[in-house]
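K.L.:
Numbering (the working numbering), first residue to last: 117 to 269. Here you go, one structure.
Structure (structure tokens):
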């Protein structure tokens, strides 16, 4: 099935991550991509992303703030759960005051801005405290490589 995910960046080049609820079946209590979810029947990827950001983080984003990055396919198996996805990855640039965010508590426990160094250190340290979703993290690493001069921290 189709899925979307996105990384929200601020003007400093920090990326907003969400800590998954401890009640989630997959990756409970781990830091994850900013937002993600399944595309509903009849929805375009950008529409699904806008909906997911609003549902999970209570943030309204506009189409002009979204940049399509890459598409991929993935299979993730954890126990008896098998997810075969056609993924669409997006980058969102937005100034957000996270102190004013109302989280969807059944999905998201906490959100926090992370620097490039913090993310890369976690990825390179066997996904320390973050989900082991190699595809999204690999795309984030590649994105950082294309933005070297902008996101040096």
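Glycine residues also receive a C-beta, built at the ideal position from the N, C-alpha and C atoms.
Tell whether a beta-carbon distance below 8 Å holds between residue 225 and residue 141.
P.N.:
The residue labelled residue 225 in the question sits at position 109 within the chain shown. The residue labelled residue 141 in the question sits at position 25 within the chain shown. Cβ distance not < 8 Å, so residue 225 and residue 141 don't count as in contact.
K.L.:
Helix, strand or coil for residue 254? Go by DSSP, reduced to three states.
P.N.:
In the chain shown, residue 254 corresponds to position 138, counting from 1. Residue state, collapsed to three classes: helix.
K.L.:
With 16 as the cutoff for other CB atoms within 10 Å, does residue 203 come out buried or exposed?
P.N.:
On the chain shown, residue 203 is found 87 positions in, with the first residue counted as 1. Result: buried.
K.L.:
Measuring CB to CB, does residue 174 end up less than 8 Å from residue 217?
P.N.:
As a first step, residue 174 is located in the chain shown; it is residue number 58 there, counting from the start. As a first step, residue 217 is located in the chain shown; it is residue number 101 there, counting from the start. Closer than 8 Å, so yes.
K.L.:
Less than 8 Å separating the beta-carbons of residue 124 and residue 212?
P.N.:
The count along the chain shown starts at 1 and reaches residue 124 at position 8. The count along the chain shown starts at 1 and reaches residue 212 at position 96. In this structure, the beta-carbon distance from residue 124 to residue 212 falls below 8 Å.
K.L.:
Could you give the distance in angstroms between the alpha-carbon of residue 129 and the alpha-carbon of residue 158?
P.N.:
Numbered from 1 along the chain shown, position 13 holds the residue referred to as residue 129. Numbered from 1 along the chain shown, position 42 holds the residue referred to as residue 158. Going by the C-alpha atoms only, they are around 33 Å apart.
K.L.:
Have a look at 122, 136, 147, 240 and flag the residue whose alpha-carbon is nearest the alpha-carbon of residue 222.
P.N.:
Residue mapping note: residue 222 aligns to position 106 of the chain shown, counting from 1. Per the Cα distances, 136.
K.L.:
With a Cβ-Cβ cutoff of 8 Å, do residue 227 and residue 133 count as a contact?
P.N.:
Here residue 227 corresponds to residue number 111 of the chain shown, with the count starting at 1. Here residue 133 corresponds to residue number 17 of the chain shown, with the count starting at 1. Contact flag set, yes.
K.L.:
DSSP three-state label for residue 240, please.
P.N.:
Stepping through the chain shown from its first residue, residue 240 is reached at position 124. Residue 240: helix per DSSP, three-state reduction.
K.L.:
Roughly how many whole angstroms lie between the Cα atoms of residue 220 and residue 172?
P.N.:
Here the question's residue 220 lines up with position 104 in the chain shown. Here the question's residue 172 lines up with position 56 in the chain shown. Their backbone Cα atoms lie some 5 Å apart in a straight line.
K.L.:
By alpha-carbon positions, which one of 143, 181, 163 ends up nearest to residue 195?
P.N.:
Position 79 of the chain shown, counted from the first residue, corresponds to residue 195. Closest by alpha carbon: 143.
K.L.:
Can you tell which of 250, 248, 121 has its C-alpha closest to the C-alpha of residue 183?
P.N.:
What you label residue 183 is simply residue 67 of the chain shown in a count that begins at 1. Between residue 183 and the set 250, 248, 121, the nearest pair of CA atoms involves 121.
K.L.:
Beta-carbon within less than 6 Å of residue 199's beta-carbon, same chain only, minus the 5 sequence neighbours each way: which residues are those?
P.N.:
For the purposes of this step, residue 199 is taken as residue 83 along the chain shown, with counting starting at 1. Result list for residue 199: 192, in chain order.
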